[in-house]
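2 protein chains.
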Amino acid sequence: MPKALPVLDTTAPVCCSPMAAGPVDEGAALEIALRLKALADPVRVRLMSLILAEAELGVCTCDLAPAVGVTEATVSHHLKQLRDAGLVEGTRKGTNVYYRPNADGLVALCRVIDPDCC
Amino acid sequence: MPKALPVLDTTAPVCCSPMAAGPVDEGAALEIALRLKALADPVRVRLMSLILAEAELGVCTCDLAPAVGVTEATVSHHLKQLRDAGLVEGTRKGTNVYYRPNADGLVALCRVIDPDCC
DNA sequence: CGCCTGACTCGACGTTCGTCAAGTAATTGC
DNA sequence: GCAATTACTTGACGAACGTCGAGTCAGGCG
Chain S
8 MPKALPVLDT
18 TAPVCCSPMA
28 AGPVDEGAAL
38 EIALRLKALA
48 DPVRVRLMSL
58 ILAEAELGVC
68 TCDLAPAVGV
78 TEATVSHHLK
88 QLRDAGLVEG
98 TRKGTNVYYR
108 PNADGLVALC
118 RVIDPDCC
Chain D
8 MPKALPVLDT
18 TAPVCCSPMA
28 AGPVDEGAAL
38 EIALRLKALA
48 DPVRVRLMSL
58 ILAEAELGVC
68 TCDLAPAVGV
78 TEATVSHHLK
88 QLRDAGLVEG
98 TRKGTNVYYR
108 PNADGLVALC
118 RVIDPDCC
């Protein structure tokens, strides 16, 4: 983990693509790369799609693990990365933790890489 | 390299986000993850932004290397990944190879992760 | 309380990744 | 043809990553 994630800089007005808007400096590049890396794994892509599919109700870890075919420990590890990148949110309800997508995080990521946004 | 990249499946009509559209199967998840991974590195993010900044003229490797502060060999390595993912295109002109962005690749990537596309 | 279940943390392992130095191709100019 | 320049390939090294088993923490329930 090269750096902490400030939950995707909700401070910065990321309307226009910072990437297509001009050369990005080293720090910004790292921030962008970290967010992309959070999604750059087949298991995390599948987890994200499953969480998006149940955006209303939320999904718990114990349901996700068999769905993607890995250990619960591994799912937990991946969910932490998605959480740190601000892409999902987990809320505890009894013994279960229900995960829901954080649409803002995904949209922000999209804006960063879209060459003809705005 | 777990799999060859068919230059981002220009065959598939990726209008609506395949990720938010429903659970993605293992193969599709791998394809998406590979494209995201192509951009999930700070050096490649900076290369992409530099190439986008000179979309008209194109940039050659020898100019990119000092701009990002790594060896030309390393830049070549990263450019290959961006090329394989269909994000940039390189055309040789004399001894130089000029790189230009492939907007379609970036837009397709964006569509894949956008939760409220369409 | 004691026990169980679900979620997470820790340590370890094998693999992949980013980087460079050195070597190889390709193209131009003398 | 030969030298020079630019781009790429190869091999190697260290760092980071994904995965798991085992252990730990937190909430229900008998």
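Listed in order, the protein sequences are those of chains S and D.
My numbering puts the first residue of the first sequence at 8, with every later residue one more than the last.
My numbering puts the first residue of the second sequence at 8, with every later residue one more than the last.
Cβ atoms here follow ideal geometry from the backbone N, Cα and C, with glycine treated the same way.
It should be emphasised that the depicted structure is a prediction, and the values quoted were computed from it without experimental measurement.
Legend entry - Close-in-space but distant-in-sequence residues of the same chain around residue 67 of chain S (CB under 8 Å, 5 per side omitted): 103, 104, 105, 106
Legend entry - Contact list for residue 49 of chain D against chain S, beta-carbon separation under 8 Å: 33, 36, 37, 39, 40
Inset, instruction - Tell me, please, whether the CB atom of residue 25 of chain S is closer than 9 Å to any CB atom in chain D? - result: yes
Inset, instruction - May I ask you to check if the CB of residue 120 of chain D is nearer than 8 Å to at least one heavy atom of the ligand FAD? - result: With respect to the ligand FAD, the structure offers nothing, as it holds no ligand at all.
Inset, instruction - Drop a sphere of 10 angstroms on the beta-carbon of residue 109 of chain D, count the other beta-carbons inside from all chains shown, and report buried for 16 or more, exposed for fewer. - result: buried
Legend entry - Nearest to residue 69 of chain S (by Cα), restricted to the options S/54, S/115, S/63: S/54
Legend entry - Run of the alpha helix (DSSP H) containing residue 95 of chain S, from where it starts to where it stops: No alpha helix (DSSP H) contains residue 95 of chain S, which is instead part of the beta strand (DSSP E) from 95-100.
Legend entry - Under 9 Å between C-beta atoms of residue 113 of chain S and residue 121 of chain D: yes
Legend entry - Contacting residues, own chain, Cβ-Cβ under 6 Å from residue 39 of chain D (five flanking each side not counted): 119
Inset, instruction - Could you tell me whether the Cβ atoms of residue 31 of chain D and residue 52 of chain S are closer together than 9 Å? - result: yes
Inset, instruction - Express the C-alpha separation of residue 49 of chain S and residue 34 of chain D in angstroms, rounding to a whole number. - result: 8 Å
Legend entry - Identity of the residue in D/80, D/65, D/37 nearest residue 100 of chain D by Cα: D/65
Inset, instruction - Please confirm whether residue 111 of chain D and residue 45 of chain D have their CB atoms less than 9 Å apart. - result: no
Legend entry - beta strand (DSSP E) runs contained entirely in the region 34-118 of chain D, provided each spans 3 or more residues: 95-100, 103-108
Inset, instruction - Tell whether a beta-carbon distance below 9 Å holds between residue 36 of chain D and residue 56 of chain S. - result: yes
Inset, instruction - Taking residue 27 of chain S and residue 43 of chain D to be in contact with their CB atoms under 8 Å, please state how far apart those CB atoms are, rounded to whole angstroms. - result: The pair is not a contact, with the Cβ atoms about 17 Å apart (cut-off 8 Å).
Legend entry - Same chain, Cβ closer than 6 Å to residue 98 of chain S, neighbours up to 5 away in sequence not counted: 105
Inset, instruction - For the region 61-83 of chain S, enumerate the residues whose C-beta is nearer than 7 Å to any C-beta of chain D, in chain order. - result: none
Inset, instruction - Can you tell me which of D/77, D/123, D/81, D/86 puts its alpha carbon nearest to the alpha carbon of residue 58 of chain D? - result: D/86
Inset, instruction - Write down the C-beta distance between residue 72 of chain D and residue 79 of chain D rounded to the nearest angstrom, noting that I regard them as a contact closer than 8 Å. - result: 4 Å
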